[in-house]
Every structure is written in structure tokens, then in C-alpha cells.
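Residue numbers (this note's numbering), protein chains in the order written: chain A, 1 to 636; chain B, 637 to 884.
All C-beta atoms, glycine included, are put in the ideal place defined by N, C-alpha and C.
Every value quoted in this text rests on a predicted model; they were computed, and no experiment measured them.
In what follows, a single structure is set out as C-alpha cells and then discussed.
This is the structure:
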């Protein structure tokens, strides 16, 4: 299979404008004849659905939550990047582009990343116009903070709830279109299959999670904005409901899954306390602006943090990366914390934790300033741990947070299946092997507000509108979905899906987490078929015919996580280099940094379903660097 | 710790519903309330019994999905959502009564799950600024006084969980609607539609079957985001003003 990125030729700064001029338009009167299905209502899905409806298309949106406003974008805390240069500190589109490409360890497409940096400025304007209450200076101007991987201050924020406010902005635009009848909202609906007619995406099969009914929906294009697959590790900062089912079932239908092994581990999360734990809570990276990360210099030092004198503390990020210090990128900070804990210098019960200390910042700026900047985060920390971070340093440890990998898309965000568009975290496109902080919100909204409305229009201009669901392809997909659910209910086992999920996740985390090796990945690949076999024999799923059945929903998602873990491990095994978040123990420099191999691995790994019982098939999209020279990514 | 639970079970909207007794052992102080229920559900599934249905998602207090009345208090004994309620706030041997939100406008769907789509419909009635994507002027063209933007943010952080309704003896949604109206009403972007918005949203709230406010402030007491009941007064002023002298 030849993977065409369809990135336009010509100077970087002109590519997107050129592409927009080349793309076709749809006459305003004809737009209402088209119907687009949007799955997922986070920043990418919500903004895309609203923008398409504003253009005049008919849109149906689907989400598994009880309201579009609850998609997990809502939990993003720190902020959103934009190259506004309001601070006069040397920011520009070029610099945001370079930071993002470098942050991604040179495994992303130049053209995509440049476009992202370009539209970042429009996003802030759009959100301000919607009434998003961004933090302001006394003069009424927008305030900024700095984030990891950048030396300029370009992150816009709404206290520690930026994702919530941006999502409520997109949701308000969506509501306006729902009120006008151009968007039909289907909350509590879960997508279970993609329907293809003559090789083109023409619909989806969903389950109404209230009645249990299986429904067919047809459209002229299908948009997946269903987020990442973090919970394949079981414990992650994702919501409990986040899952890989929509994208993985599209993969089963032939969509390529790109770079699944690029999974981001966030350095600042609250450490694990016990086996019952259902999720990990992130403490925003913005805390690293004022907090200092340290561990005791001597292993197994059990003294209280305030009893450890300055000279006996190791501020390891400041020591190892003096120019970026506590704001070193996420992958680097996470690995440094793991290294400290592996050496026995970790703090807290179990020794898997490092301190994030605000004592200096409180002395310098005073408690009120710190409270204003991070009040809600401190409160959240105290609520969960029972400790007051104004008095005692926070304890943090890395946790799975974001997936750079996702379905393969071209420059126009269309997958290899015509008519199937993939947006936001669900696609693989812009972050390479590692995402910088405050860039996920930027990408989700860039895709939804400013890219997809143009590229979907171009696609629709070439299709004849209107297709029903009364086709054999819909019947086949519906039967397939029904078959999976029956098989789950027929197992009549004794073990809840959660128990299998926990077991799978622990294995994926241990063998394919912050560090991977050939041996660990092969071990994982041997263990997955064994879990799968036990799962299908022993899973316990409530056997109700209709109505709400949360046990059935969850079991279906766990079944997909088990199969998906194989693709993830296969990708990690075949990428024999270390880059960004993908750290292969065999490939490191003398001082333990990632050793990238541009000569052999400067490509996107796009995996095709090999069919039942067969290994996935690798396709490569080679990355061409015309404008940037990939260099060793140093933050020292 | 060992806890005795009395949990509301209701197979569907038409079912009468009843309390079911369960004992959960091995509860530890660092467990969240929902994790305690996960443990119970695993046990129920192992016995081939239907697990307790409840809404939950982010489990970090921001999505607003979780919604339980715990011992008569919305979201339980501490400030914050049910998912952010930790078992260190309960004692060994305690009996814990768990119910869904009770309000005419929030019908029970299954066990502890209620239908809160009325909140979505209220927002569809006017909880937005009518601006299309594209063509917005530079963000700094519109200075917003810091105090106004802070106050708007105080209101905007509402997570739409519905605890305010559940706690109110009148099942009033005034705090929720006031938060939404005030967020936009405090910002310059919200001014052109200010009258239209407050009138439409209040009318929709009444139509959905929520009660009126009789100044008990239970809503403020249970709100996970501590949204002030002052916003209700603000909305009332806005509404009266808009009825008498519409801004448009």
C-alpha cells in the first residue's frame, strides 16, 4: 500500500493556503443535502460538528457520555499554546513549529506541524469570541504562562481548568446548532462498527446505551474524534470510559493504525496507593513553573522532607538539564523520575514518587500568588492524598496520559479509507513521538475548527449525497456487532471484565511502559493470547436482553484493549530505536538519553489488520525533512 | 473497614425500585467512594448478579458525571464530587445509604443513573454567544477587566453535575442556570444577547419542571465547585431588568 500524505509542495508557510485554494467547495444550497456523522464530542469532535453545521451541513453527533459536555477534553488543566507573541519574548509561528517538531523528536510531518502553529493564533481569537474566560492581566489583556519544552511564554489558560472552558465553548457552539436543528445529538450512544460501502465510509453502527437497541446511521462522511487509548495500561489519567473501540473497529475494517507505541507518560501525577485504584490523577504540568522536583541524595532516606537539608537534596532535573530545568519535556522528566526511583531514592510508601516542592515559590511570591495560580490543583491534591501542599511538598510519579499514536491520516485528516476522517487525539498526525504540554487542546481545536471543515468540504464536493441504511453492508455490520455481544454474554463466567483489564494493563505497563526492550515486548506478546483465551471463557457479563447494561459496554471495550495491546507491542518491538516517549533500553546513549536512528527509522509505522489470527502488516510513510534538519534533541 | 450499604436498585424507568443491602469488607481510607463500589460490583459479577449502575467518567472531579446522594447529602460528606469523596471520611461499621438524584426533571433511568438532559436543553435555549467559526478579531482587541474575567470564571467552572437540584427541597436548578447566565453576562462578548439569553434560559428551566428558589442555599452548600448563591440574585436582577427594559 502506498501511503500518500497529500501534503502540498512549495514553501512551508504557503502550503496550507495553497491547499485551501486547491480544494473544492460545495455550493451553499447543496450543503444541506449532505449528512456528516461525528463520533466523539470532545474538543475535536465538538468543534468540528459545530463548524460543519454552521457551514450548512446536517450533522449527527454521538458520545458515550450523558452529555457532549463531559468528554474527557474537559479534564485538561494547564492550557493551550498559541504563537501570539503577546509577551514580546521572541515567539512566532516558526518557533512554535520548531518547538513542536523538536518536542516530537522528529517523527512528525513538517507540513502538518507548521499548519498547526499557523492556526494556533486563530483558535485563541475564536475561543475569546465565544466567551471563554481566559486569565487576564490588569490591563484586560490575555495572560500567558510557560510550559515544558519551550523557552517562551505562549500558553493561554483558565486557572487550572482550561480544557473545561474550551470544551464548554465548543459545546456552546454545538448547542446553538442543536437548537437550530442542524445538529442532532445522540448522547449515551457508543459506536461499535464502521460501515463501508464500495470501499468508502458510509455509516456507523451504534448501541443506544439506555435501551440497548442497535442502530444504523448513514452519512456522506464519518468523523472519528474518539480520543486516545491510554486505558490499555488500565491505570492512566484518562477517564474510566475512554476506550479504543471506535478506532480499533475502524482498524478491523481496514483503517491503518499509526505509531501505536508512541504513548506519553506524564511526569506529574499522584502516585498509586493500592490495587483497587481505578485511575491516576494528573497534577498539571504548569505546576512545574513554580515547583521544584527533587529526591533525597541518599537511597532509602526516610526523613520527613522538611528535615532533609538543602545540601542533601538532588534537584535532578535542574542538575541534568540546566537550561530547561523543571520544565524539561514530559518524556525526559518522566524517565528521570523513574531513574531516581529505580535507584532507591523514591519517596512515599512503595518508593515510587518524587517531591514537587513549592516552598521556594511560596517564599518568593507569597502564598496568595501561588493560590491564585494553582489553587484548585492544590485543593484537588489535598482532597485525594489528605496532605496540604502549601505545607508539605507534593509527591508525584509518572503515569500514562496521552497517545500520540492513532489512526493514520493524510494532510487533510482523512484516513486511508475514503470518507473516514480522524481528528484530535484519535489520529496520529502532529505530535510525532512526544507531545509538548498545552499542545493537545491546540491540536484538537485546530483540527475541528480550522482544518476539517475545509477538507471535509473538499471530500463532499466529490460525492453524491444521500445513502440509506437499507443496504447489505449495514446488515452485515449489525450482525457482526450482535455476534460480539452475544459471545460476551454467552461466556457466563465468574470474573468481571475489570479484573481482566487490570491484569492486562499491569502487564502492558510493566513490559511496554516507560522503558521497553525486545525481551519485555516478546514476553508481553506471549502473554496476551493467554489472557484473551481466559477472558472469552471466564468473563462475567450481565445477561439482560435490553436496557442499560454497563457490564456489557465495559466487557466489549476490554476485549478490544486485549487485541489492541498486540498491535501496540508489535509496533514497539519493530521500532528498534529510542525516540520521544518510546524508550528502548537497547538503544540509549552513554548518559542514558534516547538514541534515535534517523537513517533507518525516520518513518511513520502504519499497521494494517492482518485478519483473524494473523499478525498486523506494516506500511511505512517515510518522513521527509525539507525545512528542518533533525538534530539530537538536547534540553541540557 | 467494613461498611453496610443500602443501595437504591431500579431496573428501569418504569420499575418501582427498592433498597438493597450489601456489606463491603476490606475498605481502605485511600479508596475513593466509586472504587469502593467497583469492589462491590466485581463481587456481584463474580456471583452472576447485575452490578450497580452509576454514572462516572473522569474520576477527577471535573466531568460532572457522578451523581449520588450519600446519607442524604449530594456527593457525600465532603465538598467535592462523589468520585472525589474518599473513604477516610467514613468509619468502620457505618451504614451508608446511596440514592440517585431525586427530582422530577431528572427521572431515574437505572439504579443510580438519572437523566440530566434537561440541563443540555436549558443551554440550547441560549447558553452561547452567537458567533460562527472563523473571522474572530484578535483576542486582545477586546480587553476584559481582570475582576470581571475572574468572576465569570467563578461561574463558568460549574460542572453541570446537578447536585444543586438534588439538594434543593424544590428541586430548583437556579444555581446551575445562574452560573451559566452569569458567566456570559459578566463578559463583554455576552452583552448583545444578554436579555434574550436570560429570558430564554429561565423559561426553559421552568418548562423542564425544575422548582423555584426559596433561598435555602442548600445548592451552594453541596456544589462541588462552591459556586456562590449570589449568582442567583444576579440572574434575578438580570431577568427582571430584561423583562422591563430589554437590552436589545
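- Query: Using Cβ-Cβ distances below 9 Å, what residues of the stretch 705 to 718 of chain B are close to chain A?
  - Reply: Hits within the stretch, in order: 714, 715, 716.
- Could you give the C-beta distance for residue 541(A) and residue 491(A), rounded to a whole number, given that I count them as a contact under 8 Å? In the first chain, the residue the question calls residue 541(A) occupies position 541. In the first chain, the residue the question calls residue 491(A) occupies position 491. That belief holds up - the Cβ atoms of residue 541(A) and residue 491(A) are roughly 7 Å apart, short of 8 Å.
- Task: Report yes or no: do the stretch 56 to 63 of chain A and the stretch 183 to 202 of chain A share at least 3 C-beta pairs separated by less than 8 Å?
- Result: Enough Cβ pairs lie closer than 8 Å, so yes.
- Item | Below-8 Å beta-carbon distance, residue 155(A) vs any chain B residue | Here residue 155(A) is taken as the residue at index 155 of the first chain, counted from 1. Residue 155(A) does not count as touching chain B.
- Message: Is it the case that the stretch 22 to 34 of chain A contacts the stretch 424 to 432 of chain A, given that we only count it when at least three CB pairs across the two stretches are under 8 Å?
- Response: When Cβ pairs closer than 8 Å are counted between the two stretches, the stretch 424 to 432 of chain A is seen not to touch the stretch 22 to 34 of chain A, the count staying below three.
- From the beta carbon of residue 175(A), is the nearest beta carbon of chain B less than 8 Å away? By one-based count along the first chain, residue 175(A) stands at place 175. By this cut-off, residue 175(A) is an interface position.
- Buried versus exposed, by CB contacts within 10 Å (16 or more), residue 533(A): Counting from 1 along the first chain, the entry for residue 533(A) is found at position 533. A residue is called buried once 16 or more other Cβ atoms fall within 10 Å of its Cβ, and residue 533(A), having fewer, is exposed.
- Item | Contained beta strand (DSSP E) runs [length at least 3] in the stretch 681 to 755 of chain B, N- to C-terminal order | With a minimum length of 3 residues, the continuous beta strand (DSSP E) runs that stay inside the stretch 681 to 755 of chain B are 731 to 735, 744 to 746.
- Query: Skipping 5 residues on each side, what residues in its chain have a beta carbon closer than 7 Å to that of residue 506(A)?
  - Reply: Here the question's residue 506(A) lines up with position 506 in the first chain. If we look at residue 506(A) and ignore the five residues flanking it on each side, its Cβ neighbours are 234.
- Task: Report, in whole angstroms, the separation of the C-beta atoms of residue 264(A) and residue 435(A), which I expect to be a contact under 8 Å.
- Result: Locating residue 264(A) in the first chain gives position 264, counting from the first residue. Locating residue 435(A) in the first chain gives position 435, counting from the first residue. Confirmed, about 6 Å.
- Message: Excluding the 5 residues flanking residue 398(A) on each side, which residues of the same chain have their C-beta closer than 7 Å to its C-beta?
- Response: What you label residue 398(A) is simply residue 398 of the first chain in a count that begins at 1. Non-local beta-carbon contacts of residue 398(A) in its own chain, meaning distances under 7 Å to residues more than five positions away in sequence, involve 265, 266, 267, 269, 334, 337, 338, 514 in chain order.
- In the structure shown, what three-state DSSP assignment does residue 453(A) receive? Stepping through the first chain from its first residue, residue 453(A) is reached at position 453. Annotated three-state conformation of residue 453(A) is helix, per DSSP.
- Message: For a cutoff of 8 Å on Cβ pairs, would you count residue 764(B) as touching chain A?
- Response: Along the second chain, one-based indexing puts residue 764(B) at 128. Put simply, the CB of residue 764(B) is near chain A, with a gap under 8 Å to one of its CB atoms.
- Message: I'd like the ranges of any alpha helix (DSSP H) spanning at least 4 consecutive residues and lying wholly in the stretch 552 to 624 of chain A.
- Response: Fully enclosed alpha helix (DSSP H) runs of 4 or longer: 598 to 601.
- Task: Answer yes or no: do residue 52(A) and residue 445(A) have a C-beta to C-beta separation smaller than 8 Å?
- Result: Here the question's residue 52(A) lines up with position 52 in the first chain. Here the question's residue 445(A) lines up with position 445 in the first chain. The beta carbons of residue 52(A) and residue 445(A) sit no closer together than 8 Å.
- Task: Please name the residue in 103(A), 165(A), 159(A) whose C-alpha comes closest to that of residue 71(A).
- Result: Sequence index remark: in the first chain, residue 71(A) carries index 71 (1-based). Among 103(A), 165(A), 159(A), the Cα nearest to that of residue 71(A) belongs to 165(A).
- Please list the residues of the stretch 821 to 841 of chain B that have a C-beta atom closer than 7 Å to any C-beta atom in chain A, keeping them in chain order. So the close ones are 823, 825, 826.
- Item | Check whether residue 272(A) and residue 355(A) have beta carbons under 8 Å apart | As a first step, residue 272(A) is located in the first chain; it is residue number 272 there, counting from the start. As a first step, residue 355(A) is located in the first chain; it is residue number 355 there, counting from the start. Taking 8 Å as the Cβ cut-off, residue 272(A) and residue 355(A) do not qualify as a contacting pair.
- Below-8 Å beta-carbon distance, residue 681(B) vs any chain A residue: Taking the second chain and counting its residues from 1, one reaches residue 681(B) at position 45. So, interface residue.
- Task: May I have the straight-line CA-CA distance separating residue 415(A) from residue 795(B), to the nearest angstrom?
- Result: The count along the first chain starts at 1 and reaches residue 415(A) at position 415. The count along the second chain starts at 1 and reaches residue 795(B) at position 159. Answer to the nearest angstrom: the Cα atoms are 34 Å apart.
- Query: Should the stretch 253 to 264 of chain A be regarded as contacting the stretch 366 to 383 of chain A, the criterion being three or more beta carbon pairs within less than 8 Å?
  - Reply: With the cut-off at 8 Å, the stretch 253 to 264 of chain A and the stretch 366 to 383 of chain A do not touch.
- Query: Is residue 760(B) helix, strand or coil when you go by DSSP?
  - Reply: Position 124 of the second chain holds residue 760(B). Residue 760(B) falls in the helix class under three-state DSSP.
- For residue 74(A), which residues of its own chain have a beta-carbon under 7 Å away from its beta-carbon, when the five flanking residues on both sides are left out? The count along the first chain starts at 1 and reaches residue 74(A) at position 74. Around residue 74(A), the same chain offers 163, 164, 167 as residues with beta carbons nearer than 7 Å, after the five sequence neighbours per side are excluded.
- Determine the chain B residues that contact residue 54(A) at a beta-carbon separation under 7 Å, and present them in chain order. In the first chain, counting from the first residue as 1, residue 54(A) sits at position 54. Listed along the chain, the chain B residues whose CB falls inside 7 Å of the CB of residue 54(A) are 768, 769.
- Query: When you check each C-beta in the stretch 234 to 263 of chain A against every C-beta of chain B, which residues fall closer than 9 Å?
  - Reply: When CB distances to chain B are screened at a threshold of 9 Å, the residues of the stretch 234 to 263 of chain A falling below it are 237, 238, 239, 240, 241, 242, in chain order.
- Grab me the residues of residue 99(A)'s own chain with a C-beta within less than 7 Å of its C-beta, minus the 5 sequence neighbours each way, in chain order. Mapped onto the first chain, residue 99(A) falls at position 99. Beyond the five residues adjoining it in sequence on each side, residue 99(A) comes within less than 7 Å, by CB distance, of 149, 150, 436 in the same chain, given in chain order.
- Message: Short of 7 Å in beta carbon distance, which residues of its chain neighbour residue 627(A), apart from the five on each side in sequence? Order them along the chain.
- Response: For this step, residue 627(A) is matched to residue 627 along the first chain. Close CB contacts of residue 627(A) within its chain, under the 7 Å cut and outside five residues either way in sequence, are with 12, 110 (chain order).
- Between the Cα of residue 141(A) and those of 54(A), 286(A), 87(A), 394(A), spot the shortest distance and give me the residue it belongs to. Working through the first chain from its first residue, we reach residue 141(A) at position 141. Of the candidates 54(A), 286(A), 87(A), 394(A), 87(A) places its Cα closest to the Cα of residue 141(A).
- If we cut at 8 Å on Cβ distances, does residue 210(A) have a partner in chain B? The residue you call residue 210(A) lines up with position 210 of the first chain. Taking Cβ atoms only, chain B reaches closer than 8 Å to residue 210(A), which makes this a yes.
- Task: Alpha carbon to alpha carbon, how far is residue 455(A) from residue 126(A)? Give it in angstroms, no decimals.
- Result: For the purposes of this step, residue 126(A) is taken as residue 126 along the first chain, with counting starting at 1. For the purposes of this step, residue 455(A) is taken as residue 455 along the first chain, with counting starting at 1. A direct Cα-to-Cα measurement between residue 126(A) and residue 455(A) gives close to 19 Å.
- residue 669(B) vs residue 721(B) beta-carbon contact at 8 Å: Start at 1 with the first residue of the second chain, and residue 669(B) comes out as number 33. Start at 1 with the first residue of the second chain, and residue 721(B) comes out as number 85. A contact, by the Cβ cut-off of 8 Å.
- Item | Cβ-Cβ distance between residue 210(A) and residue 548(A) below 8 Å | Counting from one through the first chain, the residue named residue 210(A) turns up at place 210. Counting from one through the first chain, the residue named residue 548(A) turns up at place 548. Yes; because the gap between Cβ atoms is below 8 Å, this pair is in contact.
- Item | residue 35(A): first and last residue of the uninterrupted beta strand (DSSP E) it sits in | Locating residue 35(A) in the first chain gives position 35, counting from the first residue. Segment 35 to 39, the beta strand (DSSP E) holding residue 35(A).
- Message: Please confirm whether residue 456(A) has its beta-carbon closer than 8 Å to some beta-carbon of chain B.
- Response: On the first chain, residue 456(A) is found 456 positions in, with the first residue counted as 1. Residue 456(A) does not count as touching chain B.
- Within the chosen definition, does the stretch 131 to 145 of chain A reach the stretch 732 to 752 of chain B through at least 3 CB pairs nearer than 8 Å? Too few Cβ pairs lie closer than 8 Å, so no.
- Roughly how many angstroms lie between the CA atoms of residue 473(A) and residue 612(A), to the nearest whole one? If you number the first chain from 1, residue 473(A) lands on position 473. If you number the first chain from 1, residue 612(A) lands on position 612. Near 19 Å, if we compare the C-alpha coordinates of residue 612(A) and residue 473(A).
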